[in-house]
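Q:
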Amino acid sequence: MLASFRKQDKKDEESATSGNPYKNLEKASVLQEVGALRPHFAVVPLFFYFKARTFNDSPVNPRKCTQILTKILYMINQQETGEQLGQTEATETFFAMTKLFQSKDMMLRRMVYLSIKDMASVANDVIIVTSSLTKDMTGKEDSHRGPAIRALCKITDASLMQSVERYMKQAIVDKLPSVSSAALTSSTHLMRQGPEVVKRWVNEVQEAVNHDNIMVQYHALGLLYQIRRADKHAIRKLILKFSKAGLRSPYAYCFLIRIASNLLNEEGEGTDSPMYEFIDSCLRHKNEMVIYEAASTIVSLKCVTPKELCSAVNVLQLFISSPKPVLRYAAVRTLNKVAIQYPAAVTACNVDLETLITDSNRSIATLAITTLLKTGNEAGVDRLMKQISSFMSEISDQFKTVVVDAIKSLCQKFPRKHSTLMSFLANMLREEGGYDYKKAIVNTIITIVEENPEAKEAGLAHLCEFIEDCEHTSLATRILHLLGREGPRTTTPAKYIRYIYNRVILENAPVRAAAVSALAKFGAASDDLLPNVLVLLHRTMLDQDDEVRDRATFFYHLLQQNDKALNSAYILNSMNVSLSSLERLLQRYTMEPTQKPFDVRQVPVETVHVEPARVDIGISRPTEQVPSRQDTYTEQLSSIPEFAHLGPIFKTSPPVDLTESEVEYVVRCIKHVFSHYIVFQFDINNTLNDQLLERVSVQMESADGFEIVHYTPCQVIKCNDMGTTYTLVKLPDDPTGVTGTLTCTMKYTVKDCDPATGVPDDEEGYADEFVLEDVEVTVCDHMQKVLKPNWNASWEEIGSENELEDTYALSMPTLEDAVKKIIQYMGMQPCERSDKIVEGRSSHTLYLAGVYRGGHDILVRAKMALSENIAMQLTVRSTDQSAVQVVASAVD
Numbered sequence: 001m002l003a004s005f006r007k008q009d010k011k012d013e014e015s016a017t018s019g020n021p022y023k024n025l026e027k028a029s030v031l032q033e034v035g036a037l038r039p040h041f042a043v044v045p046l047f048f049y050f051k052a053r054t055f056n057d058s059p060v061n062p063r064k065c066t067q068i069l070t071k072i073l074y075m076i077n078q079q080e081t082g083e084q085l086g087q088t089e090a091t092e093t094f095f096a097m098t099k100l101f102q103s104k105d106m107m108l109r110r111m112v113y114l115s116i117k118d119m120a121s122v123a124n125d126v127i128i129v130t131s132s133l134t135k136d137m138t139g140k141e142d143s144h145r146g147p148a149i150r151a152l153c154k155i156t157d158a159s160l161m162q163s164v165e166r167y168m169k170q171a172i173v174d175k176l177p178s179v180s181s182a183a184l185t186s187s188t189h190l191m192r193q194g195p196e197v198v199k200r201w202v203n204e205v206q207e208a209v210n211h212d213n214i215m216v217q218y219h220a221l222g223l224l225y226q227i228r229r230a231d232k233h234a235i236r237k238l239i240l241k242f243s244k245a246g247l248r249s250p251y252a253y254c255f256l257i258r259i260a261s262n263l264l265n266e267e268g269e270g271t272d273s274p275m276y277e278f279i280d281s282c283l284r285h286k287n288e289m290v291i292y293e294a295a296s297t298i299v300s301l302k303c304v305t306p307k308e309l310c311s312a313v314n315v316l317q318l319f320i321s322s323p324k325p326v327l328r329y330a331a332v333r334t335l336n337k338v339a340i341q342y343p344a345a346v347t348a349c350n351v352d353l354e355t356l357i358t359d360s361n362r363s364i365a366t367l368a369i370t371t372l373l374k375t376g377n378e379a380g381v382d383r384l385m386k387q388i389s390s391f392m393s394e395i396s397d398q399f400k401t402v403v404v405d406a407i408k409s410l411c412q413k414f415p416r417k418h419s420t421l422m423s424f425l426a427n428m429l430r431e432e433g434g435y436d437y438k439k440a441i442v443n444t445i446i447t448i449v450e451e452n453p454e455a456k457e458a459g460l461a462h463l464c465e466f467i468e469d470c471e472h473t474s475l476a477t478r479i480l481h482l483l484g485r486e487g488p489r490t491t492t493p494a495k496y497i498r499y500i501y502n503r504v505i506l507e508n509a510p511v512r513a514a515a516v517s518a519l520a521k522f523g524a525a526s527d528d529l530l531p532n533v534l535v536l537l538h539r540t541m542l543d544q545d546d547e548v549r550d551r552a553t554f555f556y557h558l559l560q561q562n563d564k565a566l567n568s569a570y571i572l573n574s575m576n577v578s579l580s581s582l583e584r585l586l587q588r589y590t591m592e593p594t595q596k597p598f599d600v601r602q603v604p605v606e607t608v609h610v611e612p613a614r615v616d617i618g619i620s621r622p623t624e625q626v627p628s629r630q631d632t633y634t635e636q637l638s639s640i641p642e643f644a645h646l647g648p649i650f651k652t653s654p655p656v657d658l659t660e661s662e663v664e665y666v667v668r669c670i671k672h673v674f675s676h677y678i679v680f681q682f683d684i685n686n687t688l689n690d691q692l693l694e695r696v697s698v699q700m701e702s703a704d705g706f707e708i709v710h711y712t713p714c715q716v717i718k719c720n721d722m723g724t725t726y727t728l729v730k731l732p733d734d735p736t737g738v739t740g741t742l743t744c745t746m747k748y749t750v751k752d753c754d755p756a757t758g759v760p761d762d763e764e765g766y767a768d769e770f771v772l773e774d775v776e777v778t779v780c781d782h783m784q785k786v787l788k789p790n791w792n793a794s795w796e797e798i799g800s801e802n803e804l805e806d807t808y809a810l811s812m813p814t815l816e817d818a819v820k821k822i823i824q825y826m827g828m829q830p831c832e833r834s835d836k837i838v839e840g841r842s843s844h845t846l847y848l849a850g851v852y853r854g855g856h857d858i859l860v861r862a863k864m865a866l867s868e869n870i871a872m873q874l875t876v877r878s879t880d881q882s883a884v885q886v887v888a889s890a891v892d
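In full-length UniProt numbering, the protein residues as written are 1 to 892.
(1) Pairs of beta-carbons, one from the region 798-816 and one from the region 776-787, closer than 8 Å: are there three or more?
(2) State the Cα-Cα distance for the pair aspartate 136 and tyrosine 253, rounded to the nearest angstrom.
(3) Need the endpoints of the beta strand (DSSP E) that tyrosine 677 sits in, please.
(4) State the Cα-Cα distance for the pair threonine 347 and histidine 418, rounded to the nearest angstrom.
(5) Kindly identify the DSSP beta-bridge partner or partners of proline 830.
(6) Using only CA atoms, which one of Glu868, His856 and Gln341 lies nearest to valine 887?
(7) Which parts of the region 237-271 are runs of the alpha helix (DSSP H), unbroken and 4 residues or longer, counting only runs that do not cross its ends?
(8) Using 8 Å as the Cβ pair cut-off and three pairs as the minimum, do the region 731-738 and the region 691-701 touch?
(9) Are leucine 848 and methionine 828 closer than 9 Å when you measure CB to CB?
(10) Give a yes or no on whether the C-beta atoms belonging to isoleucine 279 and isoleucine 257 are separated by under 9 Å.
(11) Going by beta carbon distance, what residues of the same chain come within less than 8 Å of valine 516, once the five residues before and after it are set aside?
(12) Can you tell me whether glycine 723 is buried or exposed? The criterion is at least 16 other CB atoms within 10 Å of its CB, across all chains shown.
(13) Spatial neighbours of glutamate 468 within its chain, please: CB distance less than 8 Å, with the 5 preceding and 5 following residues excluded, ordered by chain position.
(14) Are the CB atoms of tyrosine 748 and glutamine 681 within a distance shorter than 9 Å?
(15) DSSP puts histidine 710 in a beta bridge; with which residues?
(16) Since glutamate 465 sits in a beta bridge, which residues does DSSP pair it with?
(17) Apart from the five residues just before and just after serine 834, which ones in its own chain have a Cβ nearer than 6 Å to its Cβ?
(18) Please state whether the Cβ-Cβ distance between histidine 472 and lysine 521 is less than 9 Å.
(19) Can you give me the Cβ contacts of leucine 108 inside the same chain, cut-off strictly under 7 Å, excluding the 5 residues immediately before and after it?
(20) When DSSP labels each residue in this structure, what does alanine 476 get in the three-state scheme?
(21) On the three-pair Cβ rule with 8 Å, is the region 284-293 touching the region 311-329?
(22) Enumerate in chain order the residues of its own chain whose CB-to-CB distance from alanine 426 is below 6 Å, with the five nearest sequence positions on each side excluded.
(23) Taking only the alpha-carbon atoms, compute the straight-line gap between glycine 705 and proline 648 and give it to the nearest angstrom.
(24) Would leucine 728 and methionine 746 be called neighbours here (beta carbons separated by less than 9 Å)?
(25) Give a yes or no on whether the C-beta atoms belonging to leucine 114 and leucine 69 are separated by under 9 Å.
(26) Work out the CA separation of aspartate 762 and serine 181 for me, nearest whole Å.
(27) Cα separation between glutamine 602 and glycine 854?
(28) So the beta strand (DSSP E) arginine 695 belongs to, where does it begin and stop?
(29) Could you work out which residue in Ile446, Val332 and Thr420 is closest to glycine 487 when comparing CA atoms only?
(30) Would a C-beta distance cut-off of 9 Å place valine 838 and cysteine 669 closer than the cut-off?
(31) Report the residue ranges of all alpha helix (DSSP H) runs contained in full by the region 130-218; include only those spanning at least 4 residues, in chain order.
(32) Would you call proline 654 buried or exposed, if buried means 16 or more other Cβ atoms sit within 10 Å of its Cβ?
(33) Starting from methionine 289, trace the alpha helix (DSSP H) both ways and give me its first and last residue.
(34) Can you tell which of Ala158, Ser178 and Lys836 has the C-alpha that lies nearest to the C-alpha of proline 453?
(35) Can you tell me whether DSSP reads isoleucine 649 as helix, strand or coil?
(36) I need the boundaries of the beta strand (DSSP E) containing histidine 672, first residue and last residue.
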């Protein structure tokens with residue numbers, strides 16, 4: 001009986017201590033513990049009855065007071081998610097807490113210091129404890145001195161820095177390492193409030209660099225760098241001095257390496273620089289931390305070529321065989337990064353990396369595999385896949401996703417190995433796993449199908465098998481969309497109909513709707529399959545779901561007309577408009593009384609999404625949905641009265657620098673193109689700290705038919721601040737003369753200022769101007785990229801009514817260069833993967849699609865042949881004759 005009671009008490013104790021004991025903390029109860037808050041007077045503000053009874057107990061109960069301070073600190077640090085501690089309540093608590101300085105208890109005193117630091121940003125009049133903290137930092141109790149310094153610097157502002165200067169100087173050179181480190185780290189924070197005062201402590205800081213303690217040396221070097229960071233020459237001397245002095249601290253050496261690498265990258269110096277020589281010498285340091293820091297820095301320098309990488313890679317190769325897991329992990333992670341850009345440099349480590357596949361640390365094994373996938377040769381792919389197969393069942397889904405991403409890179413590198421890699425991915429797809437893991441595999445197979453025509457049918461077959469048992473709606477709909485786009489172009493498109501129609505019978509409503517759309521694409525693209533597709537769509541018109549029923553009815557009646565133009569416009573190629581802009585314009589249209597029909601060509605085109613290149617292996621995190629760049633600019637410009645009548649923005653160009661980055665006024669230009677106007681936005685950064693600019697505008701001139709309509713000046717640009725001015729320009733009346741060059745001059749009124757306060761010395765100032773680079777308006781400024789999934793259908797849809805064809809000779813060395821230049825200059829989207837050129841081919845056809853200003857579709861077919869030069873036959877079709885002439889004449 002007694003044993004059972006003890007066991008039960010132990011269980012109760014464990015359950016009581018599990019979890020967060022402060023999770024359900026209430027502010028009122030905490031304040032009552034601190035003071036005498038009477039519940040029946042709760043209608044009166046809390047602080048009115050706030051009396052410090054607990055903290056005034058004599059003698060003080062250290063354990064009880066420590067628990068109360070812990071609760072207060074928890075409340076302060078949880079203010080975003082929990083109850084907030086008001087300023088008055090925090091002030092009353094702070095004054096009550098000052099009584100605890102009388103206690104000698106070590107833990108209680110440390111909690112007091114922590115509370116002071118956290119309450120400094122909430123309570124008022126915290127500086128009243130300055131004398132108590134000063135007494136502690138200069139007292140005989142060593143354990144109090146360091147925390148007291150940190151608390152004192154937290155509550156010290158610029159006006160009080162001189163009063164504590166003497167104490168801080170003494171603390172920096174104190175023999176006790178904990179005191180010296182506390183003073184140095186606190187001084188680094190004080191640099192933000194009073195840099196001029198801290199700079200006067202440079203002699204003491206230099207003395208602290210010679211301290212025997214490695215942490216004091218590291219903190220002193222960090223503060224010395226902060227003091228001198230504005231003077232690059234002084235930083236260079238600092239690195240050279242301490243690199244020869246032989247510092248004890250490996251942390252200080254690592255810090256010097258990082259400073260040297262920043263100088264190398266900022267100044268654009270090469271490997272013959274003394275900074276690089278210092279970093280390279282650290283590869284032979286006796287401390288492993290310094291060696292790794294040097295190797296990791298060398299592989300990330302901009303000036304390093306594959307030849308210079310050898311020394312760093314050799315060091316990392318030695319770390320791979322280290323008995324320490326942390327060194328193995330660091331080495332293989334760095335080699336993984338190097339393999340992205342310089343796979344050949346890491347190939348020498350492949351034998352050592354293969355030994356890590358069976359490493360007990362699964363993180364190390366995963367990184368080793370992904371590195372091998374990037375550096376391995378084509379002949380070793382099969383053997384590597386066999387090694388990975390036995391490994392995959394032992395790692396989590398997150399690491400499996402990393403391996404899948406590496407396999408995608410390998411398939412892009414060796415496209416002829418697609419069969420082996422796709423079979424491996426298909427086997428992984430059949431195994432158990434979460435949504436993110438399955439999504440990564442599906443995305444990889446889709447990428448392989450889109451980029452490698454030879455892998456299309458095998459990839460589609462694997463995906464068809466997967467959707468038979470797929471439990472994720474979003475993956476099933478995406479695969480059905482791919483089948484609808486790529487299936488009709490295969491040699492035997494009929495075999496995919498069964499898989500798609502099975503989804504109509506067996507799946508939920510969203511998947512059934514996607515399947516109906518996929519079936520319609522087969523009927524629109526193939527006359528042989530059209531009768532069968534019509535039968536299946538007719539059956540689906542009785543579906544229980546409205547969306548499925550409506551889609552089936554719409555596609556059925558559309559396909560019955562057998563009109564190629566309608567099929568292209570409504571089935572094979574969807575609308576390329578921004579949905580957020582469409583919603584906004586439709587709402588505005590319904591609110592304004594008008595008899596004019598809504599013109600969909602006024603809706604801005606949806607921007608083609610470009611997947612950014614991944615530079616590191618890691619686990620992806622969900623990103624927050626943010627407004628598009630064009631929607632942001634639309635909102636900004638619509639708030640300016642002079643631009644309210646311009647309508648929606650057709651296109652916003654990337655920013656262009658009009659000055660060098662080192663000049664006093666840094667200016668960049670952004671072009672916002674409307675149907676008949678261009679708004680030039682000039683972002684101006686005033687880098688001077690002794691000049692204020694007023695009434696700033698950018699005057700523009702042009703001899704190409706552009707008409708300057710209005711200047712919207714920026715009234716004030718303060719010292720070290722940025723401002724924006726706008727210039728409204730009307731496009732030429734000639735619809736084909738839309739390109740030209742405009743000269744720009746920034747005009748403004750200058751007022752000299754006091755650098756410390758920013759207050760102008762002169763009320764009037766004087767007029768001045770600053771010449772900027774010219775701004776060019778090119779064809780791509782009038783063009784939006786759109787992706788046509790079925791380019792041939794769109795080509796036939798537009799027809800030859802507005803068509804121009806001409807032949808050109810391009811003075812470019814390769815077809816790749818010609819394709820890049822044409823895409824860049826025309827600002828159009830390559831379709832049918834025509835921007836990818838098959839190696840060894842002497843001819844190529846480029847297919848481009850875009851929307852010209854005004855909402856006119858435009859398509860370009862460029863047939864190129866390589867001989868001595870590149871001969872190009874350019875054919876342009878559009879729904880607008882002037883757009884055809886603009887694009888055709890652009891190549892001249």
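Just so it is clear, CB atoms sit at the ideal spot from N, CA and C, and this is done for glycine as well. Everything numeric in this text was worked out from a predicted model, so none of it was measured.
A: Taking the geometry as given:
(1) Proximity of the region 798-816 to the region 776-787 falls short of the contact definition, fewer than three beta-carbon pairs being nearer than 8 Å.
(2) Counting from 1 along the sequence shown, the entry for residue 136 is found at position 136. Counting from 1 along the sequence shown, the entry for residue 253 is found at position 253. Pairing aspartate 136 with tyrosine 253, the inter-Cα distance amounts to about 33 Å.
(3) Against the sequence shown, residue 677 aligns to sequence position 677. Looking at the DSSP string, the run of the beta strand (DSSP E) that includes tyrosine 677 is 677-686.
(4) What you label residue 347 is simply residue 347 of the sequence shown in a count that begins at 1. What you label residue 418 is simply residue 418 of the sequence shown in a count that begins at 1. Taking the straight line joining both Cα atoms gives about 22 Å.
(5) Counting from one through the sequence shown, the residue named residue 830 turns up at place 830. Under DSSP, proline 830 takes part in a beta bridge, and its partners are Leu848.
(6) Position 887 of the sequence shown, counting from 1, holds the residue named residue 887. Nearest C-alpha to valine 887: His856.
(7) 250-267, all fully within the region 237-271.
(8) At 8 Å Cβ cutoff, the stretches do not touch.
(9) On the sequence shown, position 848 is the one that residue 848 refers to. On the sequence shown, position 828 is the one that residue 828 refers to. It is a contact, given that the beta carbons lie within the stated cut-off.
(10) Residue 279 sits at position 279 when you count from the first residue of the sequence shown. Residue 257 sits at position 257 when you count from the first residue of the sequence shown. Cβ atoms of isoleucine 279 and isoleucine 257: closer than 9 Å.
(11) As a working mapping, residue 516 is identified with position 516 in the sequence shown. The residues Val504, Leu537, Thr540, Val548, Arg551, Ala552 and Phe555, in chain order, have a CB closer than 8 Å to that of valine 516 in the same chain once the five nearest residues on each side in sequence are set aside.
(12) Mapped onto the sequence shown, residue 723 falls at position 723. Burial call: buried.
(13) Counting from 1 along the sequence shown, the entry for residue 468 is found at position 468. Cβ-Cβ distances below 8 Å link glutamate 468 to Tyr499 and Asn502 in the same chain, with the five nearest sequence neighbours on each side left out; the list follows chain order.
(14) Translated into the one-based positions of the sequence shown, residue 681 becomes position 681. Translated into the one-based positions of the sequence shown, residue 748 becomes position 748. Not closer than 9 Å, so no.
(15) Position 710 of the sequence shown holds residue 710. Histidine 710 pairs with Leu728.
(16) Within the sequence shown, residue 465 is the residue found at index 465, counting from 1. In the DSSP output, where bridge partners are listed per residue, glutamate 465 has none listed.
(17) As a first step, residue 834 is located in the sequence shown; it is residue number 834 there, counting from the start. Excluding positions up to five away in sequence, the list reads Leu846 and Tyr847.
(18) Indexing the sequence shown from 1 puts residue 472 at position 472. Indexing the sequence shown from 1 puts residue 521 at position 521. It is not a contact, given that the beta carbons lie outside the stated cut-off.
(19) Along the sequence shown, one-based indexing puts residue 108 at 108. Only Pro62, Cys65, Thr66 and Leu100 meet the Cβ criterion.
(20) Start at 1 with the first residue of the sequence shown, and residue 476 comes out as number 476. Helix, per DSSP.
(21) Segments in contact, yes.
(22) For this step, residue 426 is matched to residue 426 along the sequence shown. Excluding positions up to five away in sequence, the list reads His462.
(23) On the sequence shown, position 705 is the one that residue 705 refers to. On the sequence shown, position 648 is the one that residue 648 refers to. Spanning the two alpha carbons is a distance of roughly 23 Å.
(24) Taking the first residue of the sequence shown as position 1, residue 728 is located at position 728. Taking the first residue of the sequence shown as position 1, residue 746 is located at position 746. No, they are not a contact pair.
(25) The residue given as residue 114 occupies position 114 in the sequence shown. The residue given as residue 69 occupies position 69 in the sequence shown. In this structure, leucine 114 places its C-beta atom within 9 Å of the C-beta atom of leucine 69.
(26) As a position in the sequence shown, residue 181 is number 181, starting the count at 1. As a position in the sequence shown, residue 762 is number 762, starting the count at 1. Near 47 Å, if we compare the C-alpha coordinates of aspartate 762 and serine 181.
(27) Here residue 602 is taken as the residue at index 602 of the sequence shown, counted from 1. Here residue 854 is taken as the residue at index 854 of the sequence shown, counted from 1. Inter-residue distance for glutamine 602 and glycine 854 is about 7 Å (C-alpha atoms, whole angstroms).
(28) Position 695 of the sequence shown, counted from the first residue, corresponds to residue 695. Arginine 695 -> beta strand (DSSP E) spans 691-701.
(29) Locating residue 487 in the sequence shown gives position 487, where the first residue counts as 1. Checking every option, the nearest Cα to that of glycine 487 belongs to Ile446.
(30) The sequence position of residue 838 within the sequence shown is 838, counting from 1. The sequence position of residue 669 within the sequence shown is 669, counting from 1. It is not a contact, given that the beta carbons lie outside the stated cut-off.
(31) Counting only runs of 4 or more residues that sit fully inside the region 130-218, the alpha helix (DSSP H) segments are 130-137, 142-155, 161-172, 177-190, 195-199 and 202-209, in chain order.
(32) Translated into the one-based positions of the sequence shown, residue 654 becomes position 654. Using a 10 angstroms sphere on the CB of proline 654, the tally of other CB atoms stays under 16, which defines it as exposed.
(33) For the purposes of this step, residue 289 is identified with residue 289 of the sequence shown, where counting begins at 1. Its alpha helix (DSSP H) spans residues 288-300.
(34) The residue given as residue 453 occupies position 453 in the sequence shown. Nearest C-alpha to proline 453: Lys836.
(35) Looking up residue 649 in the sequence shown gives position 649. Annotated three-state conformation of isoleucine 649 is coil, per DSSP.
(36) Residue numbering aside, residue 672 sits at position 672 when the sequence shown is read from its first letter. 665-673 is the extent of the beta strand (DSSP E) around histidine 672.
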